[in-house]
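In order, the protein sequences belong to chains A and B. Residue 0 is where the first sequence starts when you use numbering that gives the first Met the number 0, and the numbers rise one by one after that. Residue 0 is where the second sequence starts when you use numbering that gives the first Met the number 0, and the numbers rise one by one after that. Shown next, in structure tokens, is the structure this report addresses.
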Amino acid sequence: MVPIAYYLILAAILFSTGVAAFLIKRNIITIFMSIELMLNAVNLTFVAFAHMWHLVQGQIFVFFVMVVAAAEAAVGLAIIIAIFRTRQTLNVDQINLLKN
Amino acid sequence: MPTLSPNILALLPEYILTIAGVIIMLAEPCLKPGASRKPLGWIAIFGTLLAGAASWFQLGYGTVHAFSGNIQTDAFSVFFHLLIAAVVLVTLLGSLDYFDGNATHAGEYFALALFGAVGMMLMTCSVELLMVFVGLEISSIATYIMAGFRKGQATASESSIKYFLLGSFATAFFLYGIALAFGATGSTSISAIAAGLGSTATPRLAFTALAMMLIGLGFKVSAAPFHVWTPDVYQGAPAPVVGLMSTAPKAAAFAVLLRITFSGFPTMQHRWSILIWILAALSMTVGNLGALLQRDVKRMLAYSSIAHAGYLLVAFTAFPIEAISSAAFYTAAYAAMNVGAFAVITQIGGFHETLRTLDDYRGLASHRPALAGVFAFFLLSLIGIPFTGGFFGKFYVFSAAIGSGHIWLAVIGLLNSGIACFYYLCLLAAVYSKPTAETESVASSAKITLPALAGLTIATVATLVLGILPGNTLWLAHYAGTATMIEDARHQCTAHPDNCHMQVRMEIR
Chain A
0 MVPIAYYLIL AAILFSTGVA AFLIKRNIIT IFMSIELMLN AVNLTFVAFA
50 HMWHLVQGQI FVFFVMVVAA AEAAVGLAII IAIFRTRQTL NVDQINLLKN
Chain B
0 MPTLSPNILA LLPEYILTIA GVIIMLAEPC LKPGASRKPL GWIAIFGTLL
50 AGAASWFQLG YGTVHAFSGN IQTDAFSVFF HLLIAAVVLV TLLGSLDYFD
100 GNATHAGEYF ALALFGAVGM MLMTCSVELL MVFVGLEISS IATYIMAGFR
150 KGQATASESS IKYFLLGSFA TAFFLYGIAL AFGATGSTSI SAIAAGLGST
200 ATPRLAFTAL AMMLIGLGFK VSAAPFHVWT PDVYQGAPAP VVGLMSTAPK
250 AAAFAVLLRI TFSGFPTMQH RWSILIWILA ALSMTVGNLG ALLQRDVKRM
300 LAYSSIAHAG YLLVAFTAFP IEAISSAAFY TAAYAAMNVG AFAVITQIGG
350 FHETLRTLDD YRGLASHRPA LAGVFAFFLL SLIGIPFTGG FFGKFYVFSA
400 AIGSGHIWLA VIGLLNSGIA CFYYLCLLAA VYSKPTAETE SVASSAKITL
450 PALAGLTIAT VATLVLGILP GNTLWLAHYA GTATMIEDAR HQCTAHPDNC
500 HMQVRMEIR
């Protein structure tokens, strides 16, 4: 059997990758994808802990996270389309009207 | 009293708001495209009033548990429910005429405001982190859309995307914290986490979980160093929306933070209070120093809201009951004055926000004296001048911090209040200076409509009453703190029956 620590370490690596990509990447879609990666790392953590504690609660939580992530994606992609319509670009460095 | 099923009673305000929101969504397509959306706005206002009344009604029932212990309605949740309902009411009144003559989906705006309020209210009465997360997302998604409501404008959609990306980023941290807390204690219920902390084999994991949740909520309340999104988002979003999202979601996030720290991790207070100490000191300093450099009024108030988040965090370092009651009172005072200030900015700027910078505000007093007077009052309250809500808010927070020995934090806070005077007074000086030829030409002569006047009056009276007669609010805030502590003690009793004689007696009394 694979020890639980392996899953947790994998999840931690995925989460850190997501955070790093969020900070480094310049395309809004890629940034959005890195957020999804972070959420999936959380899901993996939940499933691993649910297995460890023998509790179904953790697995139910995963469903909630997925549903909410889908709702968020719907709104997020709509906003991204609105950005593209007004600006013709999805590069965050060029989306800089709001400065003092 | 007639017996009401706890599952209905505990979420009564949320039900009312949801029904009102759904009615608006259904009615919107039935109206003619060019027709006024004001009737929908009145439905929203009526629903909010009803929801506020329902929360007040809940107070008489004491602490109610519903949905297998996931929802806990007590004085604490009622306090924040009333606060959120009041903020949404002022925002709706202020934005009733905001969309006139502009082709926007005003009906959806009213529905979104209500759905957002449902999410915020759900956050304050949930004692299960899963429910807190769902509430947080409901409120966030609604506010993401509202931030970009002036769809054609590039700044609006930019503000919306920044809010969305940073908000989801924060949510992921919050969720990771919940996952780790689940791993450390085997539960996601706040009281079960508190009970599980005593026997956990991995206290370090539990503390990491708390730190992650602190990061997530730190973003939501825009505490430094998690504040970077605030100025940009507030600058680009429509003024009435900023008034809403700088107060109500923050109040809800602070309520969650109070619940998690004081009810969920009480045995670790000596450790997390250090983190919060740093957050508070940084937020106050960064917020006030940042505001000094701003020329855009909304941006300046965004930095001021970061500073106010810092003052609020000072309360967390105090003893539980004082901390909860002073933090609750401060959120109420801050909500009243900030939502009022943004209601004034809505009136000054109008839909297209032609007046933005300090220079544009020059001479406001000469052509709109009443509006300038009200604005001055809110700014004085934000400074913390006596006879305003801001003064008592700061007073209780700092005295709570001093009472628990955090004198240095109070000193930093007071120094920051001094710095804050400067930029608020700069703005005031601009408002009361002689108008230049340019500002004369762009000054709008639009009259304040009756609903907007009502909204402004509510905010002004609330700020004034909190400054002169804070007794009632303070009583409710204190009751909220005591009720939370008693409930925690009861949970501790059920978890460890051997050592709880004291707590049982406290509950009976």
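Glycine is no exception: its CB is placed at the ideal position from the N, C-alpha and C atoms.
{"Asked": "At what residues does the beta strand (DSSP E) containing residue 226 of chain B begin and finish?", "Found": "Counting along the chain, residue 226 of chain B falls outside any beta strand (DSSP E), and DSSP gives it neither H nor E."}
{"Asked": "So, are the CB atoms of residue 396 of chain B and residue 329 of chain B less than 7 angstroms apart?", "Found": "yes"}
{"Asked": "When the Cα of residue 468 of chain B is compared with those of B:456, B:359, B:392, which residue comes out closest?", "Found": "B:392"}
{"Asked": "Taking beta-carbon pairs under 7 angstroms, can you tell me which members of the stretch 66-78 of chain A lie near chain B?", "Found": "67, 70, 71, 74, 75, 78"}
{"Asked": "Of the residues B:452, B:261, B:125, B:475, which one's Cα is nearest the Cα of residue 484 of chain B?", "Found": "B:261"}
{"Asked": "With DSSP as the reference, please indicate the residues paired to residue 63 of chain B in a beta bridge.", "Found": "B:72"}
{"Asked": "Roughly how many whole angstroms lie between the Cα atoms of residue 5 of chain A and residue 194 of chain B?", "Found": "28 angstroms"}
{"Asked": "Residue 348 of chain B versus chain A: which residues are under 8 angstroms apart at the beta carbon?", "Found": "Within 8 angstroms Cβ-Cβ: nothing; residue 348 of chain B doesn't reach chain A, min ~16 angstroms."}
{"Asked": "Answer with yes or no whether the minimum CB distance from residue 506 of chain B to chain A is below 7 angstroms.", "Found": "Residue confidence for residue 506 of chain B is low, a pLDDT of 46 falling below 50, so the modelled location carries little weight; the figure read from the coordinates is stated next. It does not: the Cβ of residue 506 of chain B has no partner Cβ on chain A nearer than 7 angstroms."}
{"Asked": "Is residue 82 of chain A close to chain B, meaning its C-beta is less than 7 angstroms from at least one C-beta of that chain?", "Found": "yes"}
{"Asked": "Which residues in chain A sit within 7 angstroms of residue 231 of chain B, going by Cβ to Cβ distance?", "Found": "97"}
{"Asked": "Exposed or buried, what is residue 337 of chain B when buried is set at 16 or more other beta-carbons lying within 10 Å of its beta-carbon?", "Found": "buried"}
{"Asked": "Spatial neighbours of residue 13 of chain B within its chain, please: CB distance less than 7 angstroms, with the 5 preceding and 5 following residues excluded, ordered by chain position.", "Found": "117, 120, 121"}
{"Asked": "Residues of the stretch 200-221 of chain B in Cβ contact with chain A at a cutoff of 8 angstroms, in chain order, please.", "Found": "none"}
{"Asked": "Check the DSSP bridge columns for residue 352 of chain B and list the partner residues they point to.", "Found": "Note: residue 352 of chain B sits in no beta bridge, so no partner."}
{"Asked": "Counting only beta-carbon separations shorter than 7 angstroms, does residue 101 of chain A have a partner in chain B?", "Found": "Only positions 0 to 99 of chain A appear in the structure, and residue 101 of chain A is not among them; the question remains open."}
{"Asked": "Consider the Cβ of residue 5 of chain A: report whether some Cβ of chain B lies at a distance smaller than 7 angstroms.", "Found": "no"}
{"Asked": "Which whole-angstrom value describes the C-beta separation of residue 18 of chain A and residue 37 of chain A, a residue pair presumed to lie in contact below a C-beta threshold of 8 angstroms?", "Found": "7 angstroms"}
{"Asked": "Please state whether DSSP places residue 488 of chain B in a helix, a strand or coil.", "Found": "helix"}
{"Asked": "Can you check which of these residues, A:54, A:52, A:83, is closest to residue 136 of chain A by C-alpha distance?", "Found": "As shown, chain A starts at 0 and ends at 99. That puts residue 136 of chain A outside it, with no answer to give."}
{"Asked": "Looking at the strands, I want to know which residues DSSP matches up with residue 127 of chain B.", "Found": "B:188"}
{"Asked": "Which term fits residue 497 of chain B, buried or exposed, when burial requires 16 or more other beta carbons within 10 angstroms of its beta carbon?", "Found": "exposed"}
{"Asked": "From the DSSP secondary-structure annotation, give me the bridge partner or partners of residue 295 of chain B.", "Found": "B:356"}
{"Asked": "Smallest Cα separation from residue 264 of chain B: which of B:205, B:159, B:413?", "Found": "B:205"}
{"Asked": "What in chain B is Cβ-close to residue 63 of chain A, meaning under 8 angstroms?", "Found": "129, 132, 133"}
{"Asked": "Just reading off the alpha helix (DSSP H) that residue 249 of chain B is part of, what are its end residues?", "Found": "247-257"}
{"Asked": "Kindly list the residues whose CB is nearer than 7 angstroms to the CB of residue 61 of chain A, restricted to its own chain and excluding five residues on each side of it in sequence; keep chain order.", "Found": "42, 45, 46"}
{"Asked": "What residues in its chain sit with their C-beta under 6 angstroms from that of residue 409 of chain B, if we drop five residues either side in the sequence?", "Found": "397, 400, 401"}
{"Asked": "Give a yes or no on whether the minimum CB-CB distance between residue 154 of chain B and chain A is below 7 angstroms.", "Found": "yes"}
{"Asked": "In the DSSP assignment, what are the bridge partners of residue 90 of chain A?", "Found": "A:26"}
{"Asked": "By the criterion of Cβ-Cβ separation under 8 angstroms, what are the contact partners of residue 56 of chain A in chain B?", "Found": "181, 186, 187"}
{"Asked": "Counting only beta-carbon separations shorter than 7 angstroms, does residue 168 of chain B have a partner in chain A?", "Found": "yes"}
{"Asked": "Compute the beta-carbon to beta-carbon distance between residue 332 of chain B and residue 389 of chain B, rounded to the nearest angstrom, for a pair I have assumed lies under 8 angstroms.", "Found": "6 angstroms"}
{"Asked": "For the alpha helix (DSSP H) containing residue 469 of chain B, name the first residue and the last one.", "Found": "Here residue 469 of chain B belongs to no alpha helix (DSSP H), and DSSP marks it neither H nor E."}
{"Asked": "In chain order, what residues of the same chain lie with their CB nearer than 7 angstroms to the CB of residue 9 of chain A, ignoring the 5 residues before and after it?", "Found": "43"}
{"Asked": "Tell me the residue span of the alpha helix (DSSP H) that contains residue 430 of chain B.", "Found": "406-430"}
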